[in-house]
Structures are given as structure tokens and as C-alpha cells.
Amino acid sequence: MNTRTTDHRTPSPSFSPAPALPDGGQLCAPYAEAVLRHAGRDWLRLNVPGHAAAPGSDLAGLFGPRVTALDFPPLLDGIDLGPDTPLDTALALAAEAWGARRTWFLTNGASQGNQIASMVAPALGRTLVVQRSVHSSVIDGLVLSGLDAVFVQPSVDPEQGIAHGVTAADVAQALDRTPDTAAVYIVSPSYFGAVADVRAIADTAHAAGVPLIVDEAWGSHFGFHPGLPANALSAGADLVTSSTHKLAGSLTQSAMLHLAEGPFADLLEPLVDRAFRLVQSTSASALLTASLDLARRSLVTGAAATGGSIEAADRVRRAVRALGRFMVVSDGFHAFPDIVGADPLRVAIDTRAGGITGHEARRRLFRDHQIMVEVATDAAIVAVIGAGSAPDTDRFVEALHTLPAPLTTARAGVGCGTATGAEAAEAEAGMLRLPAPGATKLTAREAFLSPALVVAAQEAVGRISADTLAAYPPGIPNVLPGEVITAEAVRFLQRTAAAPNGHVRGALDLGVTRLRVVA
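Take 28 as the starting number for the sequence shown in this note's numbering and just add one per residue.
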């Protein structure tokens, strides 16, 4: 195991102390309030954005004049330009709320945070020990950084066809065979709400002399209510990506990146700051940034509302269990040693137990009941309840149980009608299981930048992929650049693409009939 003893705690004099926090503390939203005050003045706007907040524009007509009035460019005196600005204060409040040394606001989603984290890792070593079921943006980061990767395979639920997490023992084994490790990179919670033992994994990484990076995109709300799991920073993680828009209430595409006050902070802080400036838009949205400020205030001050959201999710699970047709996926989490908890705001329902695939259930809920759920797989749907929201759970439960059961499944013993067309073909084909990854032959960057050619999908089997291919959602790559393409992976991706609402990120065409391979 890597036991390097380099002292990473050299002070970084280029960074000034955080501004003093306002008297109201977490009750304030300094950036959002400053933008609102700025919008309330009588401006003649002869700058970008080009809509100039004109009240008669199509944008104002569709979204309302308040939206365009608040849409300011960056670098405004008294907002984000100058000493101790409202933006500086908002960032300091966010760091305090999540228990970070420093926080960065992101306007290109948690994907931007994952790319930043991957880009700074080469300063620590040449190889990333990384959970194989990370989001595709982490693989994009490997392409950007050029790092080698040693993958730690997650546990897989064969009944549900979903990947969970990794254990500290899994990570320790990978570290033992990787002497030049830069960092350990894991995901917690998973797309289905499974929480890893971040504390044990952090201890394992630190014992090897390397930091732990956690993609906590789906856990931005953790730690803000006693009924929620602790967040990754409090469990010892060093750098954490937080997709604040997912369940914490900020606008889509807004997120945060948190740096812990730990043994690697002094080394990582200037590196992260430089990488942030490299990938952050020079026209960062004031609306997205303000929404992050407001989401932080809502989380800190809204514990009672978050408790109501947890109770709403619990009501759905209790109703599903009582009615008996479907099953709650998290009820089986205890069988997996890598899972130590579950996000109560994620409601994953095993629909095949009730005679209908997850894809078809999602399609019918959307089409017939105007209900949107987050994701569907072959076996399940996942509904999410944002922290502080209070949805009509009775409507969801009723709609779920009025869905037809066109499939006859041995597990459920249900046969309400005869399957036809795509449903019959899907039933005959059986459970859509996650494919095992092919062998790694090149780094992600080497494969991505190599001369490549496009071939028919069946001809690609046995060749090295030049692209990342990920069934979406959840966006976990099934094929990586540098991995050998298997027949199993091709079948999985093509069936995913053919399913209702199915999509494969990185595919050259909707049906995944052609693939890009290393020449």
C-alpha cells in the first residue's frame, strides 16, 4: 500500500481569509439579496445579455419580467467584484453550512466539479483508484487529466440490475496494487440512494497517504436533518462534489464543490481554484448563483420542512408495502456489505414485481397521469422528493397501482392481460442485466485522442472503444474509452436505447447501431 509521507500542508499565501459573516448568519442570502437590490434600480442596460431586460421581449413575455431583470452578467461592483463582496460572503456561508474549508459555486452542474477533481489529481500521483460505477463526468475528467485508473468494482444487485458501492476492503486491495495512487474516488449515495461507509473508506485512503474524493451529487441535502445520513465531509472526505440542484432546491445546472479542512487542503486549494477558473464560464449565470445562495439558506433554516419531506417519502414506502403489489428496493439493501444507509428522500420501487417494467411504468405515469419520476430501469422506477417539498404522495401511489400489468413474471405471479409488441419481446428476452466491463487496454485519454473509425456495432465487439457510452439516466458508463467492447455491452446498450425514454450518452445514433473504436 502507498505509505508516502510527503507533507501536503504547506501554507498558500495567495488566499486571503474568508470575509466576516453577516450578523444574521445563515438566515441571510447575501448574493441573492444583492442581485435583487441591483435589479430594483432603474437601469439603462447597454451591455450583455442582449435581451437588456426589455419588458416587451419574448423572454419576459414567457418567463416574466422578473427573470430577465435578475439576469446579470458577472463582474458587477458591489456584487461579485471588489473586496468582501456578497458573493464572497455567500461562498463563506455555504462552506460553513456544509462544514468545508472552502466552497466553490458551479454553474455547469456537478459534472464540472467532477472534472475539476479529476484535473487536480495528477499533482498527487499518476493513477486514480476509482469506483467503476462513477458518473460519466468522472471519466470525462480522466480524459482531461490523462491519469491512469485502477477500477474498484461495485456490488451489483442481480435482481434489480443496479450497481451500489464499494467497501473499504475493496479500496484497500486496489491501493495495495497501486503504488502511485493520486487519490481514491467513490460515489455516495448511489442513484438508488445507497450510502457507502465513507468514514471507513476515508480512513483507508488516508492510511495510504492519499485523499478521498466523493461524488456526493445525490447527497447535497445530507446532514441537514437528523433523519438524513451525515454528509461526506463530516465523514472524512477531502473533496466533495455536491449537485445542489438535485434535492437541495437550487436551479438546474447549479452545484457546489467543497474542500475539507484536512491534511491535503493546503495543496488542493490553489489547484482546485485554478482548475475551477479553467472550466468555469466567464459568463456565469447570476440566476444560478443566486439559487445556490437561497438553497443553502433553505436547507439550514428548513429542518422542519425537510422532516415533512422525509415523512412524505416514508408514506409512499409504507403504502407500497401495505398494498403488496410492488416492492421497495431499499428494503433489500441490508444484503450488501457496501451499503451502510439509505437516503430516505429516494423512493425506488421494484415494478417488475407488480408485472410491469420500470420503463413502461415511467412512460405510462408520464403520459396518462402527468407524473414525472426521476429514472426508470428495466426493473424499477426511482421517485425523488426534494428537501423541503411536499408532493401529493396519494396521487402517486394511486397512479402507480392503477398501472396495467402486461407482463407475466414468475417472481410476481401476475398476469393481467397478454403482452404484445415490444412488451412481449422484452418479457421474452428476460431481465436486462448490467454488462460486466471489458478489459482495459488504454487510458481514457489515450483512447479518446487516438485515431479512430466508426464501425457497425457488431463489428466493434472485441475492439477498443474510443468513446464513453452510458445508459442514461443514471449516466454510469457501461463502456469506457480504452475498454474492450463486449457483445454483452452492445446488447445492453441497444436494448436500453430501444426502451421507452431510453438514451445512451455518447452514442453516434439513437439505436446504437454504430460505435467509434480505436483504429
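Beta carbons: idealized from backbone N, C-alpha and C, even for Gly.
A quick note: this is a predicted structure, and the numbers were derived from the prediction, not measured.
For the beta strand (DSSP E) assignment, the uninterrupted runs of no fewer than 3 residues enclosed by the segment 351 to 406 are, from N- to C-terminal side, 373 to 377.
The three-state secondary structure of residue 253, taken from DSSP, is coil. In this structure, the CA atom of residue 291 is about 51 Å from the CA atom of residue 350. Ranked by how close their Cα comes to the Cα of residue 51, the residues 324, 348, 288 and 333 have 324 in first place. Taking the CA atoms as reference points, residue 431 sits about 45 Å from residue 545.
When the beta-carbon positions are compared, residue 277 and residue 322 come within less than 7 Å of each other. Restricting attention to 388, 226 and 172, the CA atom closest to the CA of residue 472 is found in 172. An exposed status is given to residue 82, since fewer than 16 other beta-carbon atoms sit within 10 Å of its beta-carbon.
DSSP places residue 219 in no beta strand (DSSP E); its state is neither H nor E. Note on residue 264: 16 or more other CB atoms within 10 angstroms of its CB, so buried under the neighbour-count rule.
Secondary-structure assignment with DSSP links residue 285 through a beta bridge to 130 and 267. For the segment 276 to 345, the full-length alpha helix (DSSP H) segments reaching 4 residues or more read 292 to 306 and 313 to 328 along the chain. Short of 7 Å from the beta carbon of residue 288, and not among the five residues preceding or following it, lie these beta carbons of its own chain, in chain order: 128. Proximity to residue 186 across 426, 239 and 363 peaks at 363, based on C-alpha coordinates.
Under the three-state reduction of DSSP output, residue 504 falls in the strand class. 7 Å or more divides the Cβ of residue 140 from the Cβ of residue 319. Annotated as proximal: residue 402 and residue 501, with beta-carbon spacing under 7 Å.
Taken through DSSP and simplified to helix, strand or coil, residue 53 comes out as helix. The DSSP-derived three-state label of residue 512 is coil.
Spatial neighbours of residue 258 in its own chain (CB-CB distance under 6 Å, excluding positions within 5 residues in sequence) are listed in chain order as 249 and 250.
Of the other Cβ atoms in all chains shown, fewer than 16 fall within 10 Å of the Cβ of residue 69; this residue is therefore exposed.
In the structure shown, the three-state DSSP call for residue 159 is coil. The Cβ atoms of residue 98 and residue 76 sit closer than 7 Å to each other.
In the DSSP assignment, residue 472 falls within the alpha helix (DSSP H) that extends over 471 to 476. Residues 57, 58, 61 and 106 of the same chain have their beta carbon placed closer than 6 Å to that of residue 113, with the five preceding and five following residues left out of the count. Contact between residue 410 and residue 400 holds: their C-beta atoms lie close to 5 Å from each other, under 8 Å. For residue 232, there is no enclosing beta strand (DSSP E); the residue is part of the alpha helix (DSSP H) that begins and ends at 225 to 234.
Bridge pairing for residue 58: absent [DSSP]. Three or more Cβ pairs drawn from the segment 219 to 232 and the segment 193 to 206 lie within less than 8 Å of each other, which places the two stretches in contact. Here residue 261 carries a coil assignment [DSSP, helix/strand/coil].
Shortest Cα-Cα distance from residue 178 to any of 252, 468 and 138 involves 468. Below 8 Å, enough C-beta pairs join the segment 239 to 248 and the segment 131 to 146 to call them touching: three or more.
Per DSSP, the continuous beta strand (DSSP E) segment holding residue 208 begins and ends at 208 to 214.
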